[in-house]
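S.K.: Its first residue numbered 146, the sequence shown is counted upward by one per residue in our numbering.
Every residue gets a Cβ at the ideal spot worked out from N, C-alpha and C, and that includes glycine.
Note that the coordinates shown come from a computational prediction; the quantities given were computed from them, not determined experimentally.
Below you'll find the structure I mean.
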Amino acid sequence: MAEGGDNSDFNTVVTKPVEFIDYNCDINNGFNEFLKSEKFDKLGFRYNVLSILGCQSSGKSSLLNSVFGLDFDVMNTKLGHSQTTKGLWGALVLPKDVDNGNATLVIDVEGTDSRERGEDRLTFEHRSALLCLAISDCVVVNLWYHSLGNLTGSNYGLLKTVVEANLELAEASENTLGSGDYKTVLCFCIRDWFPELAPLETVRQKVINEYMMGIWNDINKPEKFKDAKLEDIFRFELFGFNHALVHEGEFAADSKKFRNEWVTTISPKSYSRAVPSDGFFYYASNILQTVKDQSHLDIPNQREMLANFRCQEIKSAVLEELSPAVAEMLSAAQDGTLGDFQKRVTALANEAVEKYLELASRYDKVTSNKIGHDLVMALFQKVQPVFDASISQHCSELAMRATVMMNEKFALSGKERSLLVGGHKAADVWPKFADICEEIRAELFGSLSAQMSAYAISYSHSCGVTAESAFDSSTATDMFNVTFKNEVEVVRARHLQALRGQLADIVDSGFKVISETLLEQKLTSDKYWGDVNALIDRSYNTAMETMRGCYEGLVSSVQNNEFEYLTFIVLLETAKANLERTEARITDIIVERFEQFFQYQEFNGETIPRDWESVSAEDLKQTYAQCKKDALNIVAVLRDCRPPKLEVPKFDTSLLKPNHVLYQDLTSGVAGLKSAGSSLNDEMLVDTVKACKKRFHELFRTAQQIQNSSRNGMSWKNIPAPFWVLLLLCSWNELRSVLGVFFKVQILIPLLVLAFVIVQYCSHLVFGTSADAVMRPIKQNAQQAVMMVAKWAFNMATSAAAAAAAATANSRAQTVIPPDDNDEVKKDT
């Protein structure tokens, strides 16, 4: 992304300048990284190159800044005149809409006639000028109006070098001038000019007709250009610029005019050197190296330049031609049908090199082999998605292995205090959670690394093209790390919830003991709530001693007092939940207390059933009232809620990350837990007593019936045996009739005998000698069932007789009524 800024006046984005050629005339490899970072290599041919030449301190950088909105360093005249731009610097002007408009690479060149360079200045001036001529669509020549007519100030020598070099380049070209080829634009920018000095057309005639035509007539032209005109070699443009400080507004208008002309008419539709953007840096690098190596006027050997250019073209064409094959490989890799990755990629590289050599072999072997190496490396880059897809299959397998291994190591079994993790005690495994996970990750990543190493290719062709490629494994590594981390987080979350359950279980198990005290007749608020708060204190201390290490093992980064705060919340939440469950079943508790107090009594330190037969009606009434009062006393105990005395640990919840597994628990707060009171109110108490009244009355009436039966001596146990014999004799005919109708005794007995014989035969047939042993339990169970049915029938008959007798007695006896429950309800509330 461009770092310079927005240039909204021209709907472009500009970048900060980056060094292209250093002071020693060496290319900066970082410039290539800069181009890639700005996605310059994705532009294809949709870009242009503009460079500027001129004397030192002539305002070249300020001109580029004004025209394109760039930020090249400019000289501070208040500090004196000195060299500002050293070497060559480049910046990009990128259209906001990349589909409409070309990018422009603007190159600011160190000024000529530099005092700081001394004797070395001519060599650098020539090299930089020739490089700009070779790579630029447009070369801007910055001239001062007042220097026109001077030999050095007007850059006459530099212009002559440019014209001669361009002729030699054109001479070596396979194409001829006048065939429609794009001509390099020489754009003269006349500084400190304004119309009152001289018309711009007059200045143009002087520069073109006097300077350039004079140079053209003085130089020795190659044979093929003897009759050529200067306009056949160059396209000339000329612009005048007012004084930047004295006429600031006019200077800005002149800059805008030049920019508009550049965008609309001067710049070609695509890069005139026909070098794709991804090869520009290498193209420029080769030219510079050739310029430095040659001695004849520092002009590059066109054959070598052409070899570089053509081989780059061939390379691009081959890569484009092989794109469908790469896409096919990618599809196969995604489907898991690619096969041997190394073999397929090597075969593709051989095909690419063979196609490349069909044309590139006509050029310099060193150059063609070097670009052939670039071809294979570029092919490896195109195959990178195939590598990623292939290795992702292995990553998927590793993900499944990770799930299996994590489940084996951290499988939860058992419950409560017997919880096991991977067959071991949870307290032994949880502190080592991170170490175990890292062991699993290292094992799996070793497998991934081995697979990626097996995909590395060492390529060699008989022509001398070689390439080594260890494919970029960062994507696969990141995929593996993210997948494994997610698996770890899932397991971590599951086990943190299990640890939370362990904390809650400490309180739950304690409440099971405390719930037994709810049936104590003399239970007080001090005792009950003292037991509850003591349980919370013990549970907290137990958790600190036994589970702190478990939590620190499960959580990768534990803040100060984090576990203490979590434990406090979990214990209070669990205690609150247990108390709410107790209050929810208050009706059952009251009934259970009443049953225990009413039906049982203490005798010599033991609890025995009450003997209602020996209790008077008045005592029964008093016992009923007292037991009911004692049973309802539990409501007062539960309503007398007493918060725990345990202090809240100091913990800053803002330190927690939102993705913390227990974030919701830790940020829920404890205010509601500490201040929570009982939900039992007076209205609920009235409803509760009404709900219990029916059961109270049932128990009272049962005791009353036992009392009355005892007084009247009416009980089935008191009926004499002769009565039962007489009853059986008198009802014999009736019994026979019933049995005859429903059971058909005459037929049933033979059927039972036949069934017995069949069972015996089949059992011996199936089980052989062991039949008796197999059938014996079945016979015993059948006999017991028959006896139980007979006993039940007898008990039902005797109970019915006793009930009938008791009912008759009760109708003649005075009935005792339980105390008024309404008075008791009012009293208790």
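On the criterion of 16 or more Cβ atoms from any shown chain inside 10 Å, does Q771 qualify as buried, or is it exposed?
M.R.: exposed
S.K.: Measuring CB to CB, does G235 end up less than 9 Å from F190?
M.R.: The answer is no: Cβ separation not under 9 Å.
S.K.: Assign Q666 to buried or exposed, taking buried as 16 or more other Cβ atoms, counted over all protein chains shown, within 10 Å of its Cβ.
M.R.: exposed
S.K.: If I measure Cβ to Cβ from A571 and keep anything under 6 Å in the same chain, skipping five residues before and after, which residues do I get?
M.R.: L564
S.K.: How would you write the range of the beta strand (DSSP E) that W289 sits in, first residue to last?
M.R.: 283 to 289
S.K.: For P413 and K500, I'd like the C-alpha separation in whole angstroms.
M.R.: Cα-Cα distance, rounded: 31 Å.
S.K.: To which residues of the same chain is D775 closer than 6 Å at the C-beta, ignoring the five residues directly before and after it?
M.R.: Q666, F742
S.K.: Taking only the alpha-carbon atoms, compute the straight-line gap between D198 and E382 and give it to the nearest angstrom.
M.R.: The sequence shown places Leu at residue 198, rather than the Asp named in the question. So the two alpha carbons sit approximately 15 Å from each other.
S.K.: For A615 versus A494, is the C-beta distance shorter than 9 Å?
M.R.: Result no, Cβ atoms of A615 and A494 do not sit closer than 9 Å.
S.K.: Should G655 go down as buried or exposed, given a rule of 16 or more other Cβ atoms within 10 Å for buried?
M.R.: It counts as buried.
S.K.: Tell me, please, whether the stretch 165 to 185 touches the stretch 402 to 411 by the rule of three or more beta-carbon pairs shorter than 8 Å.
M.R.: no
S.K.: Go ahead and pull the three-state DSSP assignment for R755.
M.R.: In the structure shown, R755 adopts coil according to DSSP, grouped into three states.
S.K.: Identify whether D369 lies in helix, strand or coil by the three-state DSSP scheme.
M.R.: According to the sequence displayed, residue 369 carries Lys and not Asp. Helix.
S.K.: By the three-class DSSP mapping on this structure, what secondary structure does F532 have?
M.R.: helix
S.K.: Within the present structure, is the beta-carbon of G484 separated from the nearest heavy atom of the ligand SAH by less than 8 Å?
M.R.: Here there are no bound small molecules, and the ligand SAH is not part of this structure.
S.K.: Closest to P162 by C-alpha separation, out of Y301, K241, T230, would be which residue?
M.R.: Per the Cα distances, T230.
S.K.: Within the chosen definition, does the stretch 743 to 759 reach the stretch 624 to 635 through at least 3 CB pairs nearer than 8 Å?
M.R.: no
S.K.: Would you report the Cα separation of G567 and G481, rounded to the nearest angstrom?
M.R.: 34 Å
S.K.: Which same chain residues, not among the five before or five after R546, have their C-beta less than 7 Å away from its C-beta?
M.R.: Within the same chain, R546 has close Cβ partners L589.
S.K.: Pick helix, strand or coil for A236, following the three-state DSSP scheme.
M.R.: strand
S.K.: Taking DSSP as the reference, what is the three-state secondary structure of L198?
M.R.: Secondary structure at L198: strand, using DSSP grouped into helix, strand and coil.
S.K.: List the whole-angstrom C-beta distance separating R404 from F532, where the pair is believed to meet the contact cut-off of C-beta under 8 Å.
M.R.: Incorrect: roughly 45 Å between the Cβ atoms, too far for contact.
S.K.: Anyone know if the C-beta pair for I731 and M829 falls short of 9 Å?
M.R.: Between I731 and M829, the C-beta spacing is below 9 Å.
S.K.: Let me check one thing: in DSSP terms, what residues is R784 bridge-paired to?
M.R.: According to DSSP, which records beta bridges pairwise, R784 is partnered with nothing at all.
S.K.: Can you tell me whether E763 is helix, strand or coil according to DSSP?
M.R.: helix
S.K.: Buried or exposed: where does Q929 fall if 16 or more other Cβ atoms within 10 Å of its Cβ makes it buried?
M.R.: Q929 counts as exposed, since fewer than 16 other C-beta atoms from the protein chains shown sit within 10 angstroms of its C-beta.
S.K.: So the alpha helix (DSSP H) C608 belongs to, where does it begin and stop?
M.R.: Note, C608: premise wrong, no alpha helix (DSSP H); not H, not E.
S.K.: Tell me the DSSP secondary structure of N626 in three-state form.
M.R.: Three-state DSSP puts N626 in a helix.
S.K.: Could you pull the DSSP bridge partners for N193 from this structure?
M.R.: T249
S.K.: List the DSSP bridge partners of F426.
M.R.: Its beta-bridge partners do not exist; DSSP assigns none.
S.K.: Which of the three DSSP states is assigned to G359 in this structure?
M.R.: helix
S.K.: Please list the terminal residues of the continuous beta strand (DSSP E) segment that includes Q746.
M.R.: Secondary structure note for Q746: its beta strand (DSSP E) is the uninterrupted segment 745 to 748.
S.K.: Quick check: the stretch 371 to 388 against the stretch 327 to 346, are there 3 or more CB pairs under 8 Å?
M.R.: yes
S.K.: Would you mind sorting F803 into buried or exposed? The rule is 16 or more other CB atoms within 10 Å of its CB.
M.R.: It should be pointed out that residue 803 corresponds to Pro in this sequence rather than to Phe. So P803 ends up on the exposed side.
S.K.: Work out the CA separation of N287 and D253 for me, nearest whole Å.
M.R.: 11 Å
S.K.: Say whether the stretch 572 to 588 touches the stretch 540 to 557, bearing in mind that this needs 3 or more beta-carbon pairs closer than 8 Å, one atom from each stretch.
M.R.: yes
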